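According to my numbering, numbering within the sequence shown proceeds without interruption in unit steps and concludes at 370. Backbone N, C-alpha and C fix where the C-beta goes; we use that ideal spot for every residue, glycine too. Since the structure is predicted, the reported quantities are computational estimates derived from the model, not experimental observations. Okay, so here's the structure we're looking at.
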Amino acid sequence: MSVRATARIVATRAGLPVLAGEGPLAVRRTRAEGPGSRVTVVGAMSAPLGGDRLAIEAEVRDGARLTVDSAAATVALPGRRDGADGPAHYAIRLTVGEDAELNWLPEQLISAYGSDLRMRTRVELAATARLVLREEQILGRHGEGPGTLFSRLTVHRAGRPLLDQEVAHGPGAPGGWDGGAVLGGHRAVGQLLCVAPEFEEKPVEPRMLGDTAVLTPLAGPAVLVTAVASNALRLRHILDGAREDLRHGR
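Take a look at the structure:
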């Protein structure tokens with residue numbers, strides 16, 4: 121039986137007036153390391169499975185600061201053997217107001233063999249909003265092939281498109297996804313998106329970050345780091361290193 125569940129988070133300067141989860145999406149207030157609020161998503165059951173429809177909605181209102189992380193990796197798992205449940209769907213909707221900040225830092229998404237997941241992330245930013253968004257996808261558990269994963273990230277700032285990117289991996293993806301021009305045999309892929317008003321006055325120069333990652337300024341006050349790696353640990357090292365460099369203006 122498929123599951124439908126939504127978690128909702130609203131952050132204001134005063135705290136978290138809305139913090140609600142359903143089914144496999146439990147959300148907990150946790151201790152923040154700096155100013156603002158922190159919420160940790162805790163998986164309360166195995167999900168997403170075939171046919172599941174899960175969603176997380178987070179709103180950071182004007183002047184607020186919020187960090188959202190997760191207690192463990194999310195594992196996309198197969199549904200029924202006959203595939204009658206269809207793909208699982210996971211929707212993330214993020215809204216960040218004026219002078220507000222969101223750090224969206226979940227653990228990895230693991231696409232287990234035989235799974236089929238459609239993931240969609242939509243972000244709406246005010247003109248003075250700040251965003252750090254990390255996505256990490258691991259294609260298959262240890263010693264197994266990947267499942268099918270389609271993932272799209274759409275970001276608008278002040279009502280205008282900032283980024284619209286779609287990736288597809290696994291048996292159901294178009295041919296070439298594992299070729300030398302895309303993953304080149306790597307099984308960990310991720311990106312780090314940083315949006316900050318100061319990038320307008322001090323744009324970051326594009327550059328390679330080793331052999332398998334690149335930092336690219338976007339047409340707006342934003343920077344996108346895209347990386348592939350042999351494993352999850354190496355991928356996290358690349359993305360965290362890039363985030364620290366950007367934080368210190370390097």
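Check                                                                                                                                               : Outcome
Quick check on GLU320: does DSSP put it in helix, strand or coil?                                                                                   : helix
Rounded to whole angstroms, what is the Cα-Cα separation between ARG242 and ARG213?                                                                 : 5 Å
Among PRO144, GLU142, GLY135, GLY143, which residue has its Cα nearest to the Cα of THR150?                                                         : GLY135
Using the three-state DSSP reduction, which class does ASP365 fall into: helix, strand or coil?                                                     : helix
Residues bridged to ASP360 by DSSP?                                                                                                                 : Note: ASP360 sits in no beta bridge, so no partner.
Tell me the residue span of the beta strand (DSSP E) that contains SER235.                                                                          : Per DSSP, SER235 belongs to no beta strand (DSSP E) and is neither H nor E.
Mark HIS289 as exposed unless 16 or more other C-beta atoms lie within 10 angstroms of its C-beta, in which case mark it buried.                    : buried
Taking a contact to mean a Cβ-Cβ separation below 8 Å, would you say LEU344 touches LEU313 in this structure?                                       : yes
Taking its Cβ as the centre, do 16 or more other Cβ atoms sit within 10 Å of SER271, making it buried, or is it exposed?                            : buried
Jot down the residue ranges of each uninterrupted beta strand (DSSP E) in the stretch 145-200, minimum 3 residues, whole runs only, in chain order. : 145-150, 157-163, 173-180, 185-190, 194-196
With 8 Å as the threshold, decide whether the Cβ of SER190 is near any Cβ in chain D.                                                               : This model lacks chain D altogether, as it is built from one protein chain only.
Distance check for LEU303 and PRO291, CA to CA, integer angstroms please.                                                                           : 14 Å
Answer with buried or exposed for LEU353, where buried requires no fewer than 16 other C-beta atoms within 10 angstroms of its C-beta.              : exposed
Per DSSP, which one or two residues make a beta bridge with GLY310?                                                                                 : GLU256, ALA347
Where do the ends of the beta strand (DSSP E) carrying GLU221 lie?                                                                                  : 221-225
How about the stretch 294-301 and the stretch 326-334: do they share at least three Cβ pairs that are nearer than 8 Å?                              : no
Please confirm whether GLU179 and THR126 have their CB atoms less than 8 Å apart.                                                                   : no
Could you check what DSSP says for ALA211 in three-state terms: helix, strand or coil?                                                              : strand
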